[in-house]
Amino acid sequence: MANPATVGVAKNTSLSDLNTIVGQNEDDLGPLTGIGNDGTQTTLTFDTDPPSPANHAVIAADSNGQPVVPASSTQVCRGTVFIAGAATPATATRPN
Amino acid sequence: MRWVGKLAAVCAAIALAGCESLQGAPIAIDATDTAKYPKDTCPTRDMITAYNAVPLTATAPSRRELRDADIGFCASLIDGQYSAFVKQLHVQDVSTTLAFDLVALGLTNGASLASKSTANALSAGASGVTGASLAFNKDVFYQKTLPAIVAQMDANRAVVYKNLRLSEQSDETVYTLADAQHDLRAYQAAGTIDEAISAISAQAQQSVTASNNEVKALFVATVIDPATQTRKKAVAQYVKSLNLAVPADKATLDAVANGMKVALTAGEDPALERHDVLVMLAETILDQASMNSAATTLKAATGKDF
């Protein structure tokens, strides 16, 4: 059964720090399952039930409205997050 | 061809008149036969009076047997009215759809044999009737929502009936026939569209609340220094490795929860307890100082050094 835990991230956080926070909280809580915002900050949702993943999810800004999914990666979730203060449509992917 | 429009209007009126007022509840059992059943809910005042007149020491039937017999009798009346009500709901659905479909079929079949002008009029009339049927079904929403409403009424009735039967397990001095009268009213009310819609709305609101709670941030996360994060990760991995089905591991989880001052609820799902512990650890361990403090607590709870 999924047990979601949502954490906030300050809206002025850089993309690099945002991904560091994703990786650290995947280690502490579980796999990332959702990204978004509540108007004032980025929100990241993790599932505490399964084991922590070996490969961390990575968030990248969409390109021309389309998700950017690197080769050998799988799309995890999509949403609008704050990157350096700007609301940005983005996609989280996980290396296979 | 004005008669085409008039025909369509007549058919619409016939179908609409059949279900102008939507019956939202079964006919109350106190209205079924006023000669037989006085205008009271079941059990009636007379039934309760007769029951109260039976001595506590009576046997064959005992007071309790009489109580249960009266409850069963009233419940079966309610069930009968409910079944008739649900059947009528379905009849209204079928008759409405059928009336419109027949008209549409008759009009379009005649179009190919008529003169050009008549064919145009007939086809236009058919389009009008078909359009009216769609609008009518949308307004009444029968086909899509009726099964869900009936299912919810059934569910509501099942809950009330179960509680009624549970109450019957108490003796007649604790659960009297008058008490049962109240519960039977609730049983009757459970089989109404109003109650079904209320229950469906409440469930939808609970779902919205749960969803909102899921996306509400529990705390604000920041980047943790690498050395602290290495230790913090080890703690999280340890907690996740505990087998919640093993009593010793569950006890360790409880000790960690108590040490971290995580509120525990009796009978809580262990997975939820672990969830709360992990969230508390993630929220409170931010730097070396907080990691050292947590490590002291965890040493006492687990015997391990982090």
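Note that the protein sequences, when read in sequence, are chains A and B.
For reference, each letter of the first sequence is one residue, going 1 to 96 in this note's numbering.
For reference, each letter of the second sequence is one residue, going 1001 to 1306 in this note's numbering.
Where is the CB? At the ideal position from N, CA and C, for every residue including glycine.
Buried or exposed by the 16-neighbour rule on C-beta atoms within 10 Å, applied to residue i
| i | result |
| --- | --- |
| M1291(B) | buried |
| G1191(B) | buried |
| G23(A) | buried |
| P1247(B) | exposed |
| I1027(B) | exposed |
| R1165(B) | exposed |
| T6(A) | buried |
| K1116(B) | The pLDDT assigned to K1116(B) is 42, lower than 50, so where the model puts this residue is not dependable; a value taken from the coordinates is nonetheless given after this. Exposed, because fewer than 16 other Cβ atoms sit within 10 Å of the Cβ of K1116(B). |
| T93(A) | buried |
| K1304(B) | exposed |
| E1268(B) | exposed |
| A1294(B) | buried |
| A1058(B) | exposed |
| Q1237(B) | exposed |
| A1289(B) | exposed |
| F1085(B) | buried |
| N1052(B) | exposed |
| D1194(B) | exposed |
| P1055(B) | exposed |
| S52(A) | buried |
| D1287(B) | exposed |
| V58(A) | buried |
| T20(A) | buried |
| Q1023(B) | exposed |
| P50(A) | exposed |
| K1232(B) | buried |
| P1147(B) | exposed |
| P989(B) | Outside the shown range of chain B (1001 to 1306) lies residue 989(B), about which nothing can therefore be said. |
Listed by chain order, chain B residues near residue i by CB distance under 8 Å
| i | result |
| --- | --- |
| I21(A) | A1221, T1222 and V1223 |
| P31(A) | Neighbours of P31(A) on chain B: none; closest Cβ ~12 Å, over 8 Å. |
| Q41(A) | A1217 and V1220 |
Cross-chain neighbours of residue i in chain A, by beta carbon under 8 Å
| i | result |
| --- | --- |
| L1298(B) | Ordered by position in chain A, no residue passes the 8 Å Cβ test against L1298(B), which lies about 14 Å from the chain. |
| A1236(B) | D27, D28, L29 and S52 |
| L1281(B) | D28 |
| Q1229(B) | Q24 and D27 |
| L1286(B) | What L1286(B) touches in chain A: nothing, since even the nearest Cβ is about 11 Å away. |
For residue j and residue i, believed in contact at Cβ under 8 Å, the rounded distance
| i | j | result |
| --- | --- | --- |
| G1259(B) | T1297(B) | 4 Å |
| A1217(B) | D38(A) | 7 Å |
| N55(A) | S72(A) | Going by Cβ atoms, the distance from N55(A) to S72(A) rounds to 10 Å, so no, they are not a contact pair. |
| R1185(B) | T1041(B) | 6 Å |
| F46(A) | G36(A) | At roughly 13 Å, the Cβ-Cβ gap does not stay under 8 Å, so F46(A) and G36(A) are not in contact. |
| C77(A) | G8(A) | Their Cβ separation, rounded to whole angstroms, is 16 Å, which puts C77(A) and G8(A) out of contact at 8 Å. |
Under 9 Å by beta carbon: chain A residues contacting residue i
| i | result |
| --- | --- |
| R1274(B) | N3, T48 and D49 |
| L1264(B) | What L1264(B) touches in chain A: nothing, since even the nearest Cβ is about 16 Å away. |
| L1242(B) | Within chain A, no residue comes near L1242(B); the closest Cβ sits about 12 Å away, beyond 9 Å. |
Contact set between residue i and chain B, taken where Cβ atoms lie within less than 9 Å
| i | result |
| --- | --- |
| D62(A) | The contacting residues do not exist; D62(A) stays about 20 Å from chain B at best. |
| T80(A) | The premise fails here: T80(A) is roughly 13 Å from chain B at the closest Cβ pair, so nothing lies under 9 Å. |
Neighbouring residues, chain B, relative to residue i (Cβ below 7 Å)
| i | result |
| --- | --- |
| A10(A) | V1220 |
Within chain A, the residues that residue i reaches when beta carbons sit closer than 7 Å
| i | result |
| --- | --- |
| K1232(B) | D28 |
Whole alpha helix (DSSP H) elements within the segment 1214-1289 of chain B, 4-residue minimum: 1226-1241, 1247-1259 and 1270-1284
Mind the definition here: the segment 11-24 of chain A touches the segment 81-90 of chain A only if three or more C-beta pairs lie below 8 Å; say whether that holds. yes
Going along the chain, which unbroken runs of the beta strand (DSSP E) with 3 or more residues stay wholly within the segment 9-44 of chain A? 32-37
For the segment 1267-1275 of chain B and the segment 1236-1256 of chain B, state whether three or more C-beta atom pairs, one from each stretch, are separated by less than 8 Å. yes
Cβ contact (3+ pairs, closer than 8 Å) linking the segment 1153-1165 of chain B and the segment 1187-1202 of chain B: yes
Taking only runs that begin and end inside the segment 1163-1210 of chain B, name each unbroken alpha helix (DSSP H) of 4 or more residues, in chain order. 1177-1190
Given 8 Å as the limit, is there contact between the segment 1167-1181 of chain B and the segment 1142-1152 of chain B, that is, 3 or more CB pairs closer than that? no
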